[in-house]
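Peer 1: The listed protein sequences correspond, in order, to chains A and B.
Using this note's numbering, you'd call the opening residue of the first sequence number 490 and step up by one each time.
Using this note's numbering, you'd call the opening residue of the second sequence number 490 and step up by one each time.
Number of protein chains: 2
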Amino acid sequence: MSEKKRRRGEAGPSATGKKSRPSSRADELRKQLKSDADILESVRRMSAASKSSTSKTLTLSDLNLSSACREVSDRDASSVLLSIERAALDAARSILSGSGFSFDIPSRSSSNQLYVPELDRIVLREKTSARIFANLSTVRKATITARVLSLVYAVLRRNIHVTKRDLFYTDVKLFQDQSHSDAVLDDVSCMLGCTRSSLHVVASEKGVVVGRLIFYDDGDRIDCTKMGIGGKAIPPNIDRVGDLESDALFILLVEKDAAFMRLAEDRFYNRFPCIIVTAKGQPDVATRLFLKRMKTELKLPVLALVDSDPYGLKILSVYMCGSKNMSYDSSNLTTPDIKWLGIRPSDLDKYQVPEQCRLPMTDQDVKAGKDLLEEDFVKRNEGWVKELEMMVKTRQKAEIQALSSFGFQYLSEVYLPLKIQQQDWL
Amino acid sequence: MSEKKRRRGEAGPSATGKKSRPSSRADELRKQLKSDADILESVRRMSAASKSSTSKTLTLSDLNLSSACREVSDRDASSVLLSIERAALDAARSILSGSGFSFDIPSRSSSNQLYVPELDRIVLREKTSARIFANLSTVRKATITARVLSLVYAVLRRNIHVTKRDLFYTDVKLFQDQSHSDAVLDDVSCMLGCTRSSLHVVASEKGVVVGRLIFYDDGDRIDCTKMGIGGKAIPPNIDRVGDLESDALFILLVEKDAAFMRLAEDRFYNRFPCIIVTAKGQPDVATRLFLKRMKTELKLPVLALVDSDPYGLKILSVYMCGSKNMSYDSSNLTTPDIKWLGIRPSDLDKYQVPEQCRLPMTDQDVKAGKDLLEEDFVKRNEGWVKELEMMVKTRQKAEIQALSSFGFQYLSEVYLPLKIQQQDWL
Chain A
490 MSEKKRRRGE AGPSATGKKS RPSSRADELR KQLKSDADIL ESVRRMSAAS KSSTSKTLTL
550 SDLNLSSACR EVSDRDASSV LLSIERAALD AARSILSGSG FSFDIPSRSS SNQLYVPELD
610 RIVLREKTSA RIFANLSTVR KATITARVLS LVYAVLRRNI HVTKRDLFYT DVKLFQDQSH
670 SDAVLDDVSC MLGCTRSSLH VVASEKGVVV GRLIFYDDGD RIDCTKMGIG GKAIPPNIDR
730 VGDLESDALF ILLVEKDAAF MRLAEDRFYN RFPCIIVTAK GQPDVATRLF LKRMKTELKL
790 PVLALVDSDP YGLKILSVYM CGSKNMSYDS SNLTTPDIKW LGIRPSDLDK YQVPEQCRLP
850 MTDQDVKAGK DLLEEDFVKR NEGWVKELEM MVKTRQKAEI QALSSFGFQY LSEVYLPLKI
910 QQQDWL
Chain B
490 MSEKKRRRGE AGPSATGKKS RPSSRADELR KQLKSDADIL ESVRRMSAAS KSSTSKTLTL
550 SDLNLSSACR EVSDRDASSV LLSIERAALD AARSILSGSG FSFDIPSRSS SNQLYVPELD
610 RIVLREKTSA RIFANLSTVR KATITARVLS LVYAVLRRNI HVTKRDLFYT DVKLFQDQSH
670 SDAVLDDVSC MLGCTRSSLH VVASEKGVVV GRLIFYDDGD RIDCTKMGIG GKAIPPNIDR
730 VGDLESDALF ILLVEKDAAF MRLAEDRFYN RFPCIIVTAK GQPDVATRLF LKRMKTELKL
790 PVLALVDSDP YGLKILSVYM CGSKNMSYDS SNLTTPDIKW LGIRPSDLDK YQVPEQCRLP
850 MTDQDVKAGK DLLEEDFVKR NEGWVKELEM MVKTRQKAEI QALSSFGFQY LSEVYLPLKI
910 QQQDWL
């Protein structure tokens, strides 16, 4: 895996070769670059700290909250099968004892959600409600719940994976609308205390990964240094992913596929041992699970490269804190400790991004930025607050690709190496 | 590559196990299935015909149209570099001789487009226009053209690949809006007579491939039978793809990622040697180039699995005929001979897809269907016309996943094998 691939292009003047002011600033910054070994030293320290970190991830039980709060966990098929059988037995017993047929379903409403600052995550409180078969207002939902349980049971028994849409189509007459089967699926996942992926109901993947990572996808050994420029598609079935190995020093989380392509083509990971991953915009569940998995098993720091706009930060927040409607599943989907490497509002002046490559923020952008300033995950990081305040004040945003104004390979040859050398992350 | 992977689940009753009428029809169809060897015989014949086919793809010169029409072709970096140098020399000579500075740009307007029935493609006629520097109405475009030529030259010299967005950001002051640099890029591609990929300006990829295919992505050997369930992301840079090898009998082109996932998880390609590819909806340029490349080099028949609705057929048409605004590049992007395997309107009754799994077509759907009936690529295939007329008449559509109503693996275990056994494609 340590085999060095040829790198294309040399560190030289920018591709355009013009000598205007932005370019000379770019050249100046390029001159500040130390040797690769020196640059790596900075990240090696962070990486070592991350690996030796004894501060294990806090759980609800560490906080004495396990009885007051509910979380789900990844469980293997046989244990979920057992839980479903138990649920069926409970129902049968309840019927035989004359108490009727009903399910006890955890409430997923926002009034039952709780932000736990120590965990930096949203979890569910303990409130549940009875879903009674012999009641006109709940009979339909109770029937759907029984049906979904039996379908999931069949899927797990066959050891296959299906999508939510597949599930819906198995009984359109009963479910009527996919939102109904989807909602009950989430109920079932809470009720059984396992993640949706443990139910073998998966989302479609759109993420890709490349770099210093070897893993197994359904038994096939995947070496991500040998995945060309296209990279490896992140598998939808996280439970079929195993045996992660890596000699990387960090994970580079990239918002957009254009930047991913640049780094993959330049084989950035050979110069700076890292794993590069992108969900191509809004993160999907498969990519979030995969990132969490890498972070947990490899204990690597995660550095994020997103656009300098509120949307870029929103994407970071989805990786870090999850989205509200999946709060019960948050511990498996969220990677709390992500460093904001760039593009940060302060970079625009520091790197002298030309005025015409910056974009004016719309009123809606500014509002989104101000809303973010009220979010817990921003507030607890002073550096982020400052950057965000600067963004809202200057009303300027910029895409990662604005760096192309200094040459197409400026991102991989100057910007990122300098960022790492200066440990310039928040 | 011929190594057999375990297949999950057995051909048995549908996952849901219920004995309602649709299921019994499903069982009935399942019983019609012959042995895998027999089924493969059908496709083997088609595959052999496809491989031995001496009818080489027609070109413009075969039709004596090469002087009247213009097409672009894939060319390597050194030859494109030479063309750019020549264009620069021509301009210099023209200036020195007192004729001034101008480019001769092929017109890409629809009045200059021509549908060639023999090729089943749209090509450009010969009309060009002078883009003169010393003229107020064209000076800006002439300047942009010169700039794009010099940028592309730099990219090719470095032997890297960039996106359209990267290109735009190198000189926002001049380009002002990305649509301006994009349009000139297409002009340059026509002017130099090479594809956009030959200019090393690539689109982001979203397609994935899995199955009996080995190829090289930027020097890395990729065995697509060993890509797990996630599959291999199709590389954006088609010119870095090489040495395709395959023992597949056909290419299965799938509209949606859910169906792709089902087939990948069931390792369908081990039972029926094939290459499975999807662009996850609307086809992107990288996937179209990749399909064309496979079809041309491996000489395999292409079978398409799309939703039974006008949108599914539109997707087929993009693969087959291209889109109008890329007509000059059509020979590299289009794969004319694709068979419509399913889901076809006639399948809904043949497979007795339950009423509640069919969706009513909206007025807009019906209009789209009627519009398709006027399209050349539909009209020249009688079978397609009949199917489409049935769709418009019954006003019913259905997704691939409607087959899940017979069990989650019905698609891979019954529907597709039976389709192939009966050579049921159009």
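All C-beta atoms in this analysis are idealised placements derived from N, C-alpha and C, irrespective of residue type, glycine included.
May I ask you to list the residues that DSSP assigns as paired with Thr652 (chain B)?
Peer 2: DSSP, once it has assigned bridges, lists B:Val691 as partnering Thr652 (chain B).
Peer 1: When you compare only the Cα positions, how much space is there between Thr684 (chain B) and Ile889 (chain A)?
Peer 2: Spanning the two alpha carbons is a distance of roughly 27 Å.
Peer 1: What residue from A:Lys886, A:Cys846 and A:Val766 has the CA that sits closest to Ser894 (chain A)'s CA?
Peer 2: Nearest of A:Lys886, A:Cys846 and A:Val766 to Ser894 (chain A), Cα basis: A:Cys846.
Peer 1: Applying the 10 Å Cβ sphere with the 16-neighbour rule, what's the burial state of Ser567 (chain A)?
Peer 2: It counts as exposed.
Peer 1: Which residue from A:Gly587, A:Asp676 and A:His669 puts its Cα closest to that of Ser618 (chain A)?
Peer 2: Looking at the Cα atoms, A:Asp676 is the closest of the given residues.
Peer 1: Of all Cβ atoms in chain A, is any one closer than 8 Å to the Cβ of Gly731 (chain B)?
Peer 2: Chain A, which has no Cβ nearer than 8 Å to the Cβ of Gly731 (chain B), makes this no.
Peer 1: Determine, for Thr761 (chain A), whether the minimum Cβ-Cβ distance to residues of chain B falls below 8 Å.
Peer 2: Position check: residue 761 (chain A) holds Phe in this sequence, whereas Thr was assumed. No, because no Cβ of chain B sits closer than 8 Å to the Cβ of Phe761 (chain A).
Peer 1: With 8 Å set as the bound, which would you pick, yes or no: does the beta-carbon of Arg514 (chain B) sit closer than that to a beta-carbon of chain A?
Peer 2: Closer than 8 Å: no.
Peer 1: Going by CA-CA distance only, name the one from B:Val881, B:Lys868 and B:Ile827 that's closest to Thr851 (chain B).
Peer 2: The residue with the shortest Cα to Cα distance from Thr851 (chain B) is B:Val881.
Peer 1: Cα separation between Leu907 (chain A) and Gly831 (chain A)?
Peer 2: Near 12 Å, if we compare the C-alpha coordinates of Gly831 (chain A) and Leu907 (chain A).
Peer 1: Considering Cα atoms alone, identify which of B:Arg751, B:Gln885, B:Phe739 and B:Ala635 is closest to Leu780 (chain B).
Peer 2: It is B:Phe739.
Peer 1: I want to verify the contact list: residues of chain A whose CB lies under 8 Å from the CB of Thr652 (chain B), in sequence order.
Peer 2: Per Cβ cutoff of 8 Å: Ala747, Met750 and Gln890.
Peer 1: Can you name the start and end residues of the beta strand (DSSP E) that Tyr705 (chain B) belongs to?
Peer 2: Note, Tyr705 (chain B): beta strand (DSSP E), Ile703 to Asp706.
Peer 1: Skipping 5 residues on each side, what residues in its chain have a beta carbon closer than 7 Å to that of Val644 (chain B)?
Peer 2: Answer for Val644 (chain B): Val651 and His689, listed in chain order.
Peer 1: May I ask you to report which of helix, strand or coil DSSP gives Ile727 (chain A)?
Peer 2: Of the three classes helix, strand and coil, the one that applies to Ile727 (chain A) here is helix, per DSSP.
Peer 1: Would you mind giving the Cβ-Cβ distance between Pro595 (chain A) and Arg559 (chain A), rounded to the nearest angstrom? I have them listed as a contact below 8 Å.
Peer 2: Indeed, because the Cβ distance is near 6 Å, the residues count as touching under 8 Å.
Peer 1: Just checking, does the segment 817 to 825 of chain A make contact with the segment 753 to 768 of chain A on the three C-beta pairs under 8 Å criterion?
Peer 2: With the cut-off at 8 Å, the segment 817 to 825 of chain A and the segment 753 to 768 of chain A do not touch.
Peer 1: Name the one or two DSSP bridge partners that Leu792 (chain B) has.
Peer 2: DSSP lists B:Leu741 and B:Lys828 as partners of Leu792 (chain B).
Peer 1: Would you give the residue range spanned by the alpha helix (DSSP H) that Cys679 (chain A) belongs to?
Peer 2: It spans Gln667 to Leu681 - the alpha helix (DSSP H) in which Cys679 (chain A) sits, taken as one unbroken run.
Peer 1: Any idea what DSSP makes of Ser901 (chain A), helix, strand or coil?
Peer 2: If DSSP states are grouped into helix, strand and coil, Ser901 (chain A) belongs with the helices.
Peer 1: Would you call Leu578 (chain B) buried or exposed, if buried means 16 or more other Cβ atoms sit within 10 Å of its Cβ?
Peer 2: Leu578 (chain B) should be labelled exposed.
Peer 1: Against chain B, with Cβ distances strictly below 8 Å, would Met783 (chain A) count as a contact?
Peer 2: By this cut-off, Met783 (chain A) is not an interface position.
Peer 1: Would you check if the distance between the CB atom of Val697 (chain A) and the CB atom of Ile723 (chain A) is smaller than 8 Å?
Peer 2: Yes. Within cutoff.
Peer 1: Between the Cα of Asp854 (chain A) and the Cα atoms of A:Pro825, A:Gly872 and A:Lys886, which residue gives the shortest distance?
Peer 2: Among A:Pro825, A:Gly872 and A:Lys886, the Cα nearest to that of Asp854 (chain A) is on A:Lys886.
Peer 1: Please name the residue or residues paired with Tyr604 (chain B) in a DSSP beta bridge.
Peer 2: For Tyr604 (chain B), which the question treats as bridged, DSSP gives the partners B:Ile611.
Peer 1: Report yes if the CB atom of Leu792 (chain B) is closer than 8 Å to the CB atom of Met783 (chain B), and no otherwise.
Peer 2: Cβ distance not < 8 Å, so Leu792 (chain B) and Met783 (chain B) don't count as in contact.
Peer 1: Is His669 (chain A) closer than 8 Å to Ile621 (chain A) when the C-beta atoms are compared?
Peer 2: Not closer than 8 Å, so no.
Peer 1: Do Leu741 (chain A) and Ile465 (chain A) come within 8 Å of each other at the CB atom, strictly closer than that value?
Peer 2: A question about residue 465 (chain A) goes unanswered here, because the residues of chain A that appear run from 490 up to 915.
Peer 1: Under a Cβ-count criterion, where at least 16 other Cβ atoms within 10 Å of its own Cβ denotes burial, should Lys653 (chain B) be classed as buried or exposed?
Peer 2: Classification for Lys653 (chain B): buried.
Peer 1: Tell me which residue opens and which closes the alpha helix (DSSP H) that Ile764 (chain B) is part of.
Peer 2: Counting along the chain, Ile764 (chain B) falls outside any alpha helix (DSSP H), though it belongs to the beta strand (DSSP E) covering Cys763 to Thr767.
Peer 1: Can you tell which of B:Leu518, B:Val637, B:Asp655 and B:Glu694 has its C-alpha closest to the C-alpha of Leu892 (chain A)?
Peer 2: The residue with the shortest Cα to Cα distance from Leu892 (chain A) is B:Asp655.
Peer 1: Chain B partners of Thr851 (chain A), CB-CB under 8 Å?
Peer 2: Simply none; closest approach about 17 Å.
Peer 1: Report all residues from its chain with a CB closer than 6 Å to the CB of Met479 (chain B); omit the five preceding and five following residues, and keep chain order.
Peer 2: The first residue shown for chain B is 490 and the last is 915, placing residue 479 (chain B) beyond what the model contains.
Peer 1: In chain B, which residues lie with their C-beta within 7 Å of the C-beta of Pro724 (chain A)?
Peer 2: Near Pro724 (chain A) (Cβ distances below 7 Å), the residues of chain B are Gly717, Ile718 and Gly719.
Peer 1: For the beta strand (DSSP E) that contains Asp712 (chain A), what are its first and last residues?
Peer 2: Note, Asp712 (chain A): beta strand (DSSP E), Asp709 to Asp712.
Peer 1: Is there a Cβ of chain B sitting closer than 8 Å to that of Val644 (chain A), yes or no?
Peer 2: Chain B, which has a Cβ nearer than 8 Å to the Cβ of Val644 (chain A), makes this yes.
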